[in-house]
Each structure stands twice: as structure tokens, then as C-alpha cells.
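Working notes for the structure below.
Numbering (our numbering), first residue to last: -13 to 312.
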């Protein structure tokens, strides 16, 4: 079957009974301009030999998203579902409910997928039938030249930049290697059994990420194998606004809060080093940051990042203790 619109087309190849079906899930909230880039790249993929569906979860958008999606309705195998409750984890769970595929591939509304993105995953599913999760490279696409501290901080800011690369070879992932949301795939039956914990995930300005990391850890710890798929690459947009001091502070404060929620998620007691960091880390970190600025006349971003994490741990512990006391 082939549908066409404005010279573009998508094709679903005649499938054998044992061919897997793939569900691609994207959640979006008021980012129509970004989403258009993502949809355009998906419409340009080499996907003719792949049976797939694209599920867009509209997380209560109030911008031009609905109109935009209508322009792609005949260019992509598109299904739009609405989720009025705010939050990325909530929206991803809604996408899982709608997915009919044997495999679920997650990506974001601010990426551009490579031309062979979905075919690389489809080939990997066939090559590694025992594996339950897969991931591909994520390369930052900067709006403009990033500030010097980005390079100076190195891997410390990979999370902020959503930068991931485990090398050029397709292989079994090591225990410590987990895919990230902009390019990850999971066997549908496994992912639906777990779902995404809705205590995590972006909710408006609430920046406590990590819902995909915690579900993948749970899947891995059940004994499932993961596979690295270097051909399933995406470019991830990094606007200048993400690299402001305020945004960096917000991101790593959320990372600290996620650490505490992660221990609670696993019914574990928060480790002594984290409690110590929560108590003394912000004071020490702010002092070191001030000294660094005084000596170098440049922001001591490494120290500021670690301070923000400590402050996030402290604030989340305080919130949990307050909740427990009521």
C-alpha cells in the first residue's frame, strides 16, 4: 500500500507472517517547529521494506501541532492519540497503550533521524532475536557554537547534551551501557509489562528526567540483553537556551532529585555519600565555584554542576521527609 501527498510517499511492504511490526512513539508538547523537523526526517527514511506505524502522543498541545500533523497524515503511517494529563512518562505510557507493534521504538520531537534509522533497528531485531532492548547513537546538533565550558566539562555534560556513542560496532551492550530516549527500542511485550514510572519524566517545568533509564535498568536486571545499533543514529537539537546557566542548574538539580527517587523506586535506602553530599555539598560547591571564578575569571561549571546535583538531592529528601511527616 502506498499513500502520496505533495510528491512524498510512504510504503508498507508486503510482509511475511513472521515479519515483526514496529511502533515508533513520539510524545510532544507545544513544539510544532521542532516536531516538523522530526517528521520530515521520518518521511525521508528508507522504510519501504518495514511494516511500521508512527504514534504521536499530543500531550495537550495548544500551538500549531494539530495542524502540522494533518499535513503529514498522508506522508507517514500516522496515528495521533491525545493525553491530557501532563508529563513525558504519562505520555509515553499512553503511546505504549496505542502501540500495536512487536517492537516499540522511542524517539523525541526534537531529533532528526538518519535515513536508515528504522531499517537499522529492523535488521538488528532479526539478527539478535534474544535481545530485549536496543539503542543507537545520539549526536548534539547545536543552534550555534557552544560556550567553552561544554568542551571543558567533557563527559560530565553528556546527559545535558543528550550525547551518546558506544562505538562503531554492532554488539551486545555492557551492563553499565543503557540507551537513551531519543533512540531506543524495546520488545513491546517487555516494555508494556513494566511501563514508565510516572514519578519521573518532564512535567512542564518539573525537570526530573530518567523514566527511560529506570525502566531499562529494571529490564536489564531481569536478565534481558541489550544491543548497540550504530546505524540507528539521530541528531538531537540543542538550542542556545539549554546552555544558559539557569538551564544547566535546572537540569542537574533535577538529576539530583532523580537520584533520590531512583532509590525510592527500587525500595533502597539512599547511600551515605548522597546524604553527605546533600548536607555539605552545596556549601562546599558554592565556595569552590566562587574561588574558581576568582582565579580563572571563567565560570567554574564543573563545580556548579556538582553543586546543583547536591542541592537536588537535598531538596528531594526534604520534600520526601515533609510528605512522610504528614
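Glycine included, C-beta positions come from ideal geometry on N, C-alpha and C.
Looking at the structure shown, is residue i part of a helix, part of a strand, or coil, going by DSSP?
i	result
residue 306	helix
residue 337	Past the edges of the chain, shown from -13 to 312, lies residue 337, and the structure says nothing about it.
residue 7	coil
residue 151	coil
residue 164	coil
residue 109	helix
residue 287	helix
residue 293	helix
residue 230	coil
residue 274	Unreliable positioning characterises residue 274 in this predicted model, as indicated by a pLDDT of 47, which lies under 50. A coordinate reading is not provided.
residue 101	coil
residue 157	strand
residue 128	strand
residue 213	strand
residue 31	coil
residue 313	Outside the displayed span of the chain (-13 to 312) sits residue 313, for which this structure offers no information.
residue 313	Limits of the chain in this structure are -13 at one end and 312 at the other, which puts residue 313 out of reach.
residue 142	helix
residue 68	strand
residue 184	coil
residue 77	helix
residue 62	coil
residue 57	helix
residue 36	coil
residue 87	coil
residue 171	strand
residue 298	helix
Taking C-alpha atoms, which residue in the options lies nearest to residue i?
i	options	result
residue 150	121, 129 and 172	121
residue 108	91, 95 and 99	91
residue 222	126, 210 and 205	126
residue 104	185, 304, 290 and 28	28
residue 131	224, 143 and 293	224
residue 228	165, 212, 143 and 39	143
residue 184	213, 77, 163 and 23	77
residue 40	70, 220 and 82	82
residue 43	21, 117, 32 and 34	21
residue 307	247, 288 and 291	247
residue 84	128, 12 and 26	12
residue 290	245, 304, 236 and 305	236
residue 17	95, 63 and 139	95
residue 68	15, 157 and 155	15
residue 62	154, 38 and 148	38
residue 215	135, 80, 59 and 159	159
residue 226	203, 205 and 136	136
residue 145	52, 234 and 305	234
residue 64	304, 164 and 10	10
residue 199	148, 156 and 231	148
residue 123	166, 241, 305 and 232	166
Can you tell me whether residue i is buried or exposed? The criterion is at least 16 other CB atoms within 10 Å of its CB, across all chains shown.
i	result
residue 179	exposed
residue 207	exposed
residue 239	buried
residue 141	exposed
residue 286	buried
residue 71	exposed
residue 314	Outside the shown range of the chain (-13 to 312) lies residue 314, about which nothing can therefore be said.
residue 294	buried
residue 162	exposed
residue 168	buried
residue 297	buried
residue 51	buried
residue 93	buried
residue 73	buried
residue 134	exposed
residue 154	exposed
Please tell me whether residue i and residue j are closer than 8 Å, where the distance is taken between their beta carbons.
i	j	result
residue 302	residue 243	yes
residue 55	residue 66	yes
residue 201	residue 118	no
residue 8	residue 36	yes
residue 24	residue 97	yes
residue 139	residue 292	no
residue 101	residue 31	yes
residue 87	residue 33	no
residue 182	residue 79	yes
residue 203	residue 177	no
Measure the beta-carbon distance from residue i to residue j and round it to whole angstroms, keeping in mind my assumption that it falls under 8 Å.
i	j	result
residue 110	residue 213	6 Å
residue 116	residue 211	6 Å
residue 106	residue 217	3 Å
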